[in-house]
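Residue numbers (our numbering): 703 to 993.
Structure below.
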C-alpha cells in the first residue's frame with residue numbers, strides 16, 4: 703500500500719471545497735476551514751489537483767532531487783512515457799535532444815516495458831480459471847482496491863507495471879549504479895515507486911509539467927535543437943499500452959464482445975461501479991482492464 707503524495711497549501715485554500723466534493727476516495731476533510739488530505743485514504747490519483755481552482759494542492763516534487771543529485775551521477779537515465787507527444791505537440795521529435803541537453807546519458811521509451819510484461823498478461827488470460835483477473839498497471843487503481851476493496855486484492859494480476867519492468871531491465875543491463883528517472887503525465891507514479899516491493903527500481907518520477915519547468919529553468923530552446931531518436935531498446939506494440947484497449951493489444955488478448963470474457967473500464971464513476979459489482983460477485987468476466 704502506497705503513501706499519499708498530495709498535500710494542501712494552507713494559505714491558498716479559499717474554502718471552495720471543490721476537492722472535497724470531487725475526491726473519488728473521499729480522502730479530504732475540512733480541518734479549521736482548510737481542506738486537508740487524509741493520507742491513509744488518499745489513492746494518489748491527483749484529481750484534487752486538477753479541480754482546485756486556487757492551486758492549493760501540491761504534489762510531491764522530485765525536480766530538485768533530480769537536478770541536484772541524480773543528474774550528477776555517473777549514469778542518469780530518462781525513461782519517458784509514450785504519451786509525451788501530447789504534452790510536447792510541437793517539439794516531440796526533439797524531446798530526446800532536450801533531455802540529453804539536461805545531462806541524461808540515455809533516453810529510453812517506457813513503452814518497451816509494456817512489451818516486456820505483455821506475455822505475462824497473455825499467460826494469465828489463457829489459464830483455465832474461474833477467478834476474475836484485474837489489470838494492475840495503474841497505481842491509483844491498485845491503491846483504490848487495496849484501501850477500499852480488500853476482498854478484490856487477490857484478483858489483482860501479479861504483474862508489475864511497464865515502468866517497474868523497464869526500471870528492472872535498465873538496472874540489470876546498465877548496472878545498479880544507474881539512476882532511472884521516469885517522466886510521464888501521472889502523479890500516481892510518484893506513489894508507486896514508494897512501494898517497498900519495488901523499492902529501488904525507479905529512483906525518481908517527474909511529471910511532464912515538472913520537466914517543462916526544468917527546460918525553462920535551464921533555458922532549453924527547442925528551436926536550437928536537432929531532432930533525435932530515443933536510445934534502444936525501442937518499443938514495439940507497447941506504445942499502444944496507455945490507450946483504451948492497449949493492454950489487450952499489447953498482450954494479444956482478443957476482446958470477445960459476445961462472450962463478455964474481457965471488460966475494459968475507464969472513468970471514475972464506471973471504475974467504482976465495476977469494483978462494487980466485482981465485490982458483490984456479480985462479475986463473471988475473466989479479465990478486467992481498468993484505466
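Backbone N, C-alpha and C define an ideal beta-carbon position, used for all residues, glycine too. Computed from a prediction, not measured in an experiment: that's the story for all the values here.
* Does DSSP classify residue 881 as helix, strand or coil? -> strand
* Can residue 784 and residue 741 be called in contact, C-beta distance under 8 angstroms? -> no
* Asked: Residues bridged to residue 858 by DSSP?
  -> 836
* Is there at least one non-hydrogen atom of the ligand ZN closer than 7 angstroms to the beta-carbon of residue 925? -> In terms of ligand content, the structure shown is empty, and the ligand ZN therefore cannot be addressed.
* Going by DSSP, name the residue or residues bridged to residue 736. => 733
* Enumerate in chain order the residues of its own chain whose CB-to-CB distance from residue 720 is below 7 angstroms, with the five nearest sequence positions on each side excluded. => 753, 754, 755
* For residue 708, is the classification buried or exposed, using 16 other Cβ atoms within 10 angstroms of its Cβ as the cut-off for buried? -> buried
* Simplified DSSP assignment, three categories, for residue 968 -> coil
* To do: Would you kindly check if the distance between the Cβ of residue 844 and the Cβ of residue 858 is under 8 angstroms?
  => yes
* Where does residue 820 land, buried or exposed, given buried means 16+ other C-beta within 10 angstroms? -> buried
* When we look at the beta-carbon of residue 776 and count the other beta-carbons within 10 Å, is it buried (16 or more) or exposed? -> exposed
* Which one of 725, 760, 726 has the shortest CA to CA distance from residue 713? -> 760
* Considering only residues of the same chain and omitting the five flanking positions on each side of residue 731, which have a CB-CB separation below 8 angstroms? -> 722, 737, 738, 740
* Asked: In terms of residues, what are the limits of the alpha helix (DSSP H) holding residue 751?
  -> 749-753
* Asked: Which residues in the same chain have their Cβ closer than 7 angstroms to the Cβ of residue 881, if we skip the five residues on either side of it in sequence?
  -> 772, 775, 777, 778, 779, 905
* To do: Decide if the stretch 906-917 is in contact with the stretch 927-943; the criterion is three or more beta carbon pairs, one per stretch, under 8 angstroms apart.
  => no
* To do: Return the residue from the list 942, 803, 744 that minimises the CA-CA distance to residue 849.
  => 744
* Asked: Excluding sequence positions up to five away, which residues of its chain have a Cβ less than 6 angstroms from the Cβ of residue 795?
  -> 929
* When we look at the beta-carbon of residue 696 and count the other beta-carbons within 10 Å, is it buried (16 or more) or exposed? -> Lying outside 703 to 993, the shown extent of the chain, residue 696 is not represented and no answer is given.
* According to DSSP, which residues form a beta bridge with residue 811? -> 782
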